[in-house]
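**Student:**
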Amino acid sequence: MSIEVNNESGVQVDEAQLVTLSRFIFERLYIHPQAELSILLVDEPAMEKLHIELMDEPGSTDVLSVPMDELTPGTPGKPTPQGMLGDIAICPQVAEVQARNAGHTTQDEMLLLTTHGILHLLGFDHAEPEEKEEMFGLQRDLLSEFLGKEAPTETMT
25 MSIEVNNESG VQVDEAQLVT LSRFIFERLY IHPQAELSIL LVDEPAMEKL
75 HIELMDEPGS TDVLSVPMDE LTPGTPGKPT PQGMLGDIAI CPQVAEVQAR
125 NAGHTTQDEM LLLTTHGILH LLGFDHAEPE EKEEMFGLQR DLLSEFLGKE
175 APTETMT
């Protein structure tokens, strides 16, 4: 499994924990062990630029996901095929503000955003109430199991 973290944000982040979480999610959702994921940590100006380029929306945001091979979760008997899951861009500065407002740590917020980004890469969305319930429920379950405690409160809508 190839999980690469590139920190261009200027903020110290526990990158090893992001990789460990990503591996945990890959295992739980039966993602092929050779699937590739890239996590890019960027500052607010870089995130705003990506937000405009990818979503045509102004302003910075917390996390953006760019799927590559449109992989979906597998099953115990049939993991996803090998391929490139995609790229996640996370802005630690935005994560810090969201964490403070939600009353949890910035690292917990980074884990929340990583989980959220991976689920988007796997085709989950939260545009409709039913989709949101499914995605956020899975997100909470994965994070709670990984952390061994209740997952941090969702900060994204």
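Going by the numbering used here, the sequence shown runs without a break in its numbering and finishes at 181. Cβ coordinates follow ideal geometry from the N, Cα and C atoms, glycine included.
From E178 to P69, what does the alpha carbon distance come to, in whole angstroms?
**Tutor:** Against the sequence shown, residue 178 aligns to sequence position 154. Against the sequence shown, residue 69 aligns to sequence position 45. E178 and P69: Cα-Cα distance of roughly 24 Å.
**Student:** By alpha-carbon positions, which one of E39, A40, D132 and F50 ends up nearest to L171?
**Tutor:** Here residue 171 refers to the residue found at position 147 when the sequence shown is read from its first residue. Comparing Cα positions, the closest option is D132.
**Student:** For I27 and L64, I'd like the C-alpha separation in whole angstroms.
**Tutor:** To locate residue 27, count along the sequence shown from 1; it is residue 3. To locate residue 64, count along the sequence shown from 1; it is residue 40. Each residue's Cα considered, the two are about 11 Å apart.
**Student:** Do the region 97–111 and the region 119–132 touch if we need at least three Cβ pairs shorter than 8 Å?
**Tutor:** No, the region 97–111 is not in contact with the region 119–132.
**Student:** For a cutoff of 7 Å on Cβ pairs, would you count T129 as touching chain B?
**Tutor:** Within the model displayed, chain B is absent; a lone protein chain is all it includes.
**Student:** For the region 79–89 against the region 31–41, are there 3 or more C-beta pairs whose distance is under 8 Å?
**Tutor:** With a cut-off of 8 Å, the region 31–41 and the region 79–89 do not count as touching, because too few Cβ pairs lie within range.
**Student:** Grab the span of the beta strand (DSSP E) containing S84 for me, first residue to last.
**Tutor:** Counted from its first residue, the sequence shown places residue 84 at position 60. From DSSP, S84 is part of no beta strand (DSSP E); its letter is neither H nor E.
**Student:** Starting from the N-terminal side, write out each stretch of the beta strand (DSSP E) that is 3 residues or longer and does not extend beyond the region 131–167.
**Tutor:** For the region 131–167, not a single whole beta strand (DSSP E) run of length 3 or above is found.
**Student:** Under the rule that 16 or more other beta-carbon atoms within 10 Å means buried, what is M71, buried or exposed?
**Tutor:** The count along the sequence shown starts at 1 and reaches residue 71 at position 47. So M71 ends up on the buried side.
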